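If you read the sequence shown in our numbering, its first letter stands for residue 8, the second for the next number, and so on. All C-beta atoms in this analysis are idealised placements derived from N, C-alpha and C, irrespective of residue type, glycine included. Nothing here was measured: the structure is a model prediction, and the numbers come from that model. See below for the structure under consideration.
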Amino acid sequence: MLADVELQLSVMATHLIEIRPAGMRAARNIGAARSVCGFTRQQLASRMTALGRPGSHLVANRIERARRRCEIDDRVTVAAALGVSPLALLLPSLEVDSATAVPNGVREGV
Numbered sequence: 008m009l010a011d012v013e014l015q016l017s018v019m020a021t022h023l024i025e026i027r028p029a030g031m032r033a034a035r036n037i038g039a040a041r042s043v044c045g046f047t048r049q050q051l052a053s054r055m056t057a058l059g060r061p062g063s064h065l066v067a068n069r070i071e072r073a074r075r076r077c078e079i080d081d082r083v084t085v086a087a088a089l090g091v092s093p094l095a096l097l098l099p100s101l102e103v104d105s106a107t108a109v110p111n112g113v114r115e116g117v
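Right under this line is the structure:
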């Protein structure tokens, strides 16, 4: 039984996650929005955790670099943390208005 678990884990570890075009756009847009907001990846991860989706700066880094899929729950939480629409993260060209984006990491209630 243990050998089966070890084999399954090793197969899973070598399986590459394919990030499709919409996922690549979301990754780029998340990085752009985070930059406009002036957040570090650690700050973004802290805000995601405060919103109920625990994560670390490594999770934020992997999402931005398209090394991890950004599931819909992640995307909605990231969007809320950044003060943008989840739909905006999927659009071909994200235009974040610095006046409406979360200013300098300060947002009431988060």
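When you compare only the Cα positions, how much space is there between residue i and residue j?
i: residue 60; j: residue 79; result: 12 Å
i: residue 89; j: residue 30; result: 18 Å
i: residue 83; j: residue 94; result: 9 Å
i: residue 39; j: residue 28; result: 17 Å
i: residue 51; j: residue 43; result: 12 Å
Excluding sequence positions up to five away, which residues of its chain have a Cβ less than 6 Å from the Cβ of residue i?
i: residue 81; result: none
i: residue 17; result: The predicted position of residue 17 is uncertain, since its pLDDT is 44 and thus under 50; no value can be drawn from it.
i: residue 85; result: 37
i: residue 41; result: 51
Figure out for me which residue from the options has the closest Cα to the Cα of residue i.
i: residue 87; options: 28, 25, 53, 27; result: 53
Would residue i and residue j qualify as a contact pair, given that the criterion is a beta-carbon distance under 9 Å?
i: residue 72; j: residue 66; result: no
Using a Cβ-Cβ cut-off of 8 Å (strictly less than) and excluding sequence neighbours within five positions of residue i, which residues of its own chain qualify?
i: residue 98; result: 32, 36
i: residue 56; result: 62
i: residue 34; result: 26, 70, 71, 72, 73, 77
i: residue 58; result: 84, 87, 88, 117
Please return the same chain residues whose Cβ sits closer than 7 Å to the Cβ of residue i, not counting the five positions on each side in sequence.
i: residue 68; result: 48
i: residue 92; result: 86
i: residue 64; result: 48, 49, 52
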